[in-house]
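J.:
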Amino acid sequence: MTTSVSPLSRLGHNLRQTLGNILIPILAILTSLVVVAGVIALSGANPLEGFMGLWDGAFGDGDAVANTIIKTTPYIFAGLALTIAFRGGMFNIGVEGQFFVGSIIATLIGYALRLPPVIHLIVAILGGAIGGGLWGAIPGWLKARTGANEVITTIMTNYIILRIINWLISPNGGPMRNPARPLPQTPEVYPTAYLPWIDFSKINFPWVNLSWLASATGSLHWGSILALIMAVIVFVLLWRTILGFEIRTVGISPTAARYAGVNVERTMVTTMALSGAMAGIGGAVQVLALTHYFSTGFNVGYGFDSIAVAMLGGLHPAGVVLAAVLFGAMDAGATIMQMRTGVPIDIVTIIQGLVLMFVAADLIVRQIYRIRVKPADGTTPVSATVQTAGESG
Amino acid sequence: MMDEKFFIGLLALAFVKATPITLGALTGIYSERSGIINIGIEGTMLVAAFTSFIVSVVSQNLWVGLLGGMLAGGLVSLLLAVLSIRYKVNQIIAGMVINLLAIGVTNYATRVYIDTSGIAGIGVLPKWRIPLLMDIPILGPILFQHQPLVYFMFGLVVLTHYVMFYTPWGLRTRAVGEHPRAADTVGIPVNPMRYASTVIGGLIAGMAGSFLVVEAVGSFQKMMTTGRGFIALAVMIFGRWNPFGALVAALLFGFAEALGVRLQLGDINNIQALVYLTGLGMLLGGTIQMITDFVKKKETRSKIIAGMVAITGLIAAILGQTLTFPPTVIPFQFLGILPYVLTILVLTGMVRGAAAPAAEGVVYEKQ
Amino acid sequence: MRKNLFVSLLVLLTIVLVLSACGGATPTATEKPATDAPTEVVTEAPTEPAATEEAPTEEAAGCAIRIGYVTDVGRIDDDSFNEASWTGIQQAAEQLGLGDDCYDYIETQDTADYVSNIEAFVKEGYTIIVTSGFLITEGTRTAAESNPDIKFVGTDQGQDVDYDGVDDVIPNLTGILFHEDQSGFLAGALAGLMTESNTIGGVYGTNTVPPVVRFKVGYELGAKHVNPDITVLSAYHPGTSDVAFVDPAWGGETAQTMIDQGADVIFGAGGDTGNGALTAACNAGLPVIGVDVDQYLTVPEVQACIMSSAQKDLVTAVRDNVLAAAGEGEWTPGTFYGKAFLAPFHDWEDKIPDDVKATLEDLAEQILAGEIVTCPPGSEGAGCPE
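Chains as they are written, first to last, in our numbering: chain P, 1 to 393; chain X, 1 to 367; chain G, 1 to 386.
Here it is, written out as structure tokens:
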């Protein structure tokens, strides 16, 4: 952008750009739905009914919205974790594992320690963050020390931790298994460590009064609020602090960062630790808010799906939140869609894949709908990531 | 109990387990050497497995099924190439798109069309026992009594190595991946080379996916790749983007996985086996390192370290074979992490090696 | 511009083709054989997606009874317990004369979703809710307590005791359990009697699923009961439960490892992973034993090799309990034990010697009479009575 552009035309330019930024994802979603409608129709089902079910299940009434928000929450945490890592040039495939570490540590603190309310909760969440952070720091440290590619080490650490956790609750000597039950699960955390439901009737301040939502009490937990706070924190961290600047500089070019006096190795470890910690908080929230114990089959897949969420969100916290809502809504809606119309849940995975594709390949969308607006210039974080992902090999 | 039969069984199985992983790694080598990052190997394999099942059932011929699977793999990789090159999509996103779509489409199609029909697979390809060679003691049963795709995998490793490093075509491919601008200047068509290389890789991923159906299982199951495509990615990087490196890495991985299962069967003392085998591994690795050091005339310090590793390994191996260990059952979940731990250990033990192709992931635009 | 449009259309077309490749390959619709032999009720293919064409009747006027089914984590068409329960529900619905839109299922994606899935049915006014799998035991119990007007049936769930160990039967809740160890015992005895190498193998899903552990415990005991010197090789998939049951290649390779060690009968108990073991052993020309349902019918690839299956009759158990919940039959709150037995020999009817069959029948009687313990106390993770 040249400096001689008048403020007014700049405003117009920005407006058009913003419009383009919103328009493209919407058109991408529409296009995906059209393609998927064809797939559903091929199987003999009615696509419109399927989509109605999807919509009803995601936003149809208050409960549906609440369900969507609950399902969105883990995607936000995992997406933010990936945002930090990708911005720092670390291709962290290990969010899945770090998420699990957060869950299991929070569970352990929740049932093994006896602490007063609130403090217990905070300690459990912090424990999850530290656990996830340490587990994430290992691949970062390995890369900084030996140059071991983080893609390999995070894939490996995922398998390792998943199997160790599987053992922790297994009958063949698993130390965290609840012996009082035939089921492979940990003991329940004490209620002092529960992440409570939001009591809307009590939110009644002069500047914000939510008591009219009193009937919604018991449908949303504070973890969702925490996720939004974390999104703000990640934004501030990455764009308003020196550490964030260092992380992003290393992400764009480790060599340049080194010349600029950044301790590249330390920043790599820090990036991975922060990313892992964010994932760990997400895992802790899931346990402390929803199940209150850890069992097999819990939370599977958030780490992997959130790679798509982070990319869809343009590696920006605000974008990540929106992308997470999209994924969460589809997860929530899929249940009702399948229940009412018999359209299999798998269709949602296809939609997610197509949306990701059309958003990323906005050229396709632009061509289909003959949109002339140039793609947003200046900040193209996504290509920067790719470059560093390649460099980091 | 750790006799000849024990090693023959493990090594033969290691080759079988290494086959889809190595093939997947070759896929990565083709596309990444030309500058296209491919994290969609998993999805490509899955679609290929699905297609090879359908085609083999419809044609009632496993070889036709294999062909179908390979073509499907090629098509999926073409999508990756079109997205990455034509539409300049971030290549990691493009790979994720492929993985998501592959899972969604194969699950959906299996559920809607296959599960309701009760169609059955038509078996697997029979073993090819190579005459004469199969009778060589020890080596015969390890190497020459496999199903055909295992041999194909060997062939492709050799072929890929030759093509990549000894032909003009390979040189051009690598040039495109390392320095597209320079390649363009000397008249190498950058993007067509990338298309070709990625699609060839896709055909090989198709073979990897078909392996699961036409050799390993005989039918398609949802999500049956269970992460092998990601392991392939790791193996490719581990092998430093070289075919033989990938094969060795995949074999190491396959051996460790086979060992994990073998130790679970309960007739061998777990601790003893691990001490003994670790010793053997150190002895082998140390000796090889020492020989290379001498050949390459490395500094004395490096030779001494290698020698000490080898000697420690020898002692451990002897101890493992002679001492009596208390009967210990290691939880099978821990035996199951052997391949992953081993990969990390070996990886971090290696010196900083070759990096990824320099222009990997960067869209090339003519100026 | 024209060229660009053409290319983008081409891409779209490719996608549509890839997506619809399945459509072209629609195989001739031979109905999947019903997994339930004893009844002659012909079930519809369980997952016909177009089964419920009409829009859901919000008022549900046409349905006196509405049956909702929440699966365990996994798919409804898993050739195993999720599918068998659904088949049972379909049979019950048919017997009750319910329309297609009076019964539905929700597939659980994550254990964190159990409660919300049950609540979805409660909210939509369902009157009978069936939940599948031991992991949902507690969720079902809680839901039953807070919705006394709805009848709940849970499979693989013990629902007669509270977790503090006190007897506590909820009047609107029945849990269905099976003695997998009993049919596993008979499978082991069959393997032990048929082996020539005196070595047999068993490939299992993961030990965090108690029914799988019970199958294993029973299989090993049964083999040793008839053949004390036998070597029984066992291996669990080391992965978490989301991969442990869907890795047929691993199952096949593990079966091969056991065959290398001399095993000549293979038992597979672990979803697709177990089926992979059966297929691999069958391809090697060895006899195999299946699990859960009569796998002669569900895994056509192994029809020539499968001697029998360690069956648990989920279909009948679910059907009868759903019927009871609808008022047809006796409703038994607490825990209901379904039948577990050996499936028919099918193609092996003539190959299995008469004295083996006689021994098996004899053992079955002894087990039912309680003369043989098939699941001894202390079998870790099996959930056997202490």
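Don't be surprised by glycine CBs; every beta carbon is placed ideally from N, CA and C.
For a cutoff of 8 Å on Cβ pairs, would you count L363/P as touching chain X?
T.: So, interface residue.
J.: Taking any Cβ of chain G, which residues in the region 234-263 of chain X have a Cβ under 8 Å from it, in chain order?
T.: So the close ones are A258, G260, V261, R262.
J.: Which stretch, first to last residue, makes up the alpha helix (DSSP H) that contains L203/X?
T.: 190-210
J.: Any residues in the region 330-344 of chain X with a beta carbon nearer than 7 Å to a beta carbon of chain G? Which ones, in chain order?
T.: Within the region 330-344 of chain X, those residues whose Cβ lies closer than 7 Å to any Cβ of chain G are, in chain order, F332, Q333, L335, G336.
J.: Contact between the region 287-294 of chain X and the region 305-321 of chain X is defined here as three or more beta-carbon pairs at a separation below 8 Å; is this criterion met?
T.: At 8 Å Cβ cutoff, the stretches touch.
J.: For V348/P, which residues of its own chain have a beta-carbon under 6 Å away from its beta-carbon, when the five flanking residues on both sides are left out?
T.: M330, A334
J.: For A356/X, which residues of its own chain have a beta-carbon under 8 Å away from its beta-carbon, when the five flanking residues on both sides are left out?
T.: E32, I237, W241
J.: Could you check whether the Cβ of D331/P sits closer than 8 Å to any Cβ belonging to chain X?
T.: Closer than 8 Å: no.
J.: DSSP three-state call for E360/X: helix, strand or coil?
T.: coil
J.: Less than 8 Å separating the beta-carbons of A284/P and I125/P?
T.: yes
J.: Quick check on this structure: which residue in G336/X, G254/X, G313/X has the alpha carbon closest to the alpha carbon of A14/X?
T.: G254/X
J.: With 9 Å as the C-beta to C-beta threshold (strictly closer), list the residues of the region 110-131 of chain G near chain P in chain order.
T.: Hits within the stretch, in order: D110, T111, A112, D113, Y114, V115, S116, N117, E119, A120, F121, K123, E124.
J.: Exposed or buried, F341/G, counting other C-beta atoms within 10 Å across all chains shown (16 or more means buried)?
T.: buried
J.: Does V462/G come within less than 8 Å of chain P when only Cβ atoms are used?
T.: The structure shown has nothing for residue 462/G, since chain G only spans 1 to 386.
J.: Whose C-beta lies closer than 8 Å to the C-beta of V64/X among residues of the same chain, with five residues either side of it excluded?
T.: V55, S56
J.: Determine the closest residue to K366/X out of P180/X, S210/X, I311/X, with distance taken between C-alpha atoms.
T.: For the residues P180/X, S210/X, I311/X, the minimum Cα distance to K366/X belongs to P180/X.
J.: List the residues of chain X whose Cβ lies closer than 7 Å to the Cβ of G252/G, in chain order.
T.: Result: A216, V217.
J.: Determine the contact status of Y105/G and A93/G, defining contact as a CB-CB distance below 8 Å.
T.: No, these two residues do not count as a Cβ contact at 8 Å.
J.: Could you spell out the range, first to last residue, of the alpha helix (DSSP H) harbouring K303/X?
T.: 300-322 is the span of the alpha helix (DSSP H), which, as asked, contains K303/X.
J.: Within its chain, find whatever has a CB closer than 7 Å to the CB of T231/G; leave out the 5 residues flanking it on each side and keep chain order.
T.: Result list for T231/G: N198, T199, in chain order.
J.: Closer than 7 Å, Cβ to Cβ, to anything on chain P: give me those residues from the region 103-122 of chain X, in chain order.
T.: I103, G104, V105, N107, Y108, R111, V112
J.: Taking the alpha carbon of E138/G as the point to measure from, which residue in T257/G, Q159/G, D101/G has its own alpha carbon closest?
T.: Q159/G
J.: So, with DSSP's three-state summary, where would you put M307/G?
T.: strand
J.: With a threshold of 6 Å on Cβ separation, who are the neighbours of A144/P within its own chain once the five nearest residues in sequence on each side are excluded?
T.: Here the set comprises E265, M268, V269.
J.: Pull out every residue of the region 154-165 of chain P whose Cβ sits closer than 9 Å to any Cβ of chain G, in chain order.
T.: Y159, L162, R163, I165
J.: Should F395/P be labelled buried (16 or more other beta-carbon atoms within 10 Å of its own) or exposed?
T.: Examination of residue 395/P is not possible in this model, given that chain P is present from 1 through 393 alone.
J.: Kindly indicate which residue of I130/X, I114/X, I41/X has the alpha-carbon position closest to the one of L80/X.
T.: When each option's Cα is compared against that of L80/X, the closest is I41/X.
J.: Quick check on DSSP: helix, strand or coil for D293/X?
T.: helix
J.: Name the chain P residues whose beta carbon is nearer than 9 Å to that of P376/G?
T.: Residues of chain P passing the Cβ test: none, with the nearest at roughly 14 Å.
J.: Go ahead and pull the three-state DSSP assignment for Y293/P.
T.: coil
J.: Any idea if I176/G is buried or exposed, counting beta-carbon neighbours within 10 angstroms, 16 or more meaning buried?
T.: Classification of I176/G: buried, given that the 10 Å Cβ count is 16 or more.
J.: Which residue spans inside the region 126-168 of chain G form an unbroken alpha helix (DSSP H) run of at least 4?
T.: Listed in chain order, they are 137-146.
J.: Using the rule of at least 16 other Cβ atoms within 10 Å of the residue's Cβ for burial, across every protein chain shown, is L259/X buried or exposed?
T.: By the neighbour-count definition (other C-beta atoms within 10 Å, threshold 16), L259/X is a buried residue.
J.: Have a look at G173/P and G102/P and give me their C-alpha separation to the nearest angstrom.
T.: 22 Å
J.: Hey, out of F220/X, I119/X, Y108/X, whose CA is closest to I351/P's CA?
T.: Y108/X
J.: Mind pulling the alpha helix (DSSP H) runs of 4 or more residues that sit fully within the region 216-269 of chain P?
T.: 222-240, 242-252, 254-259
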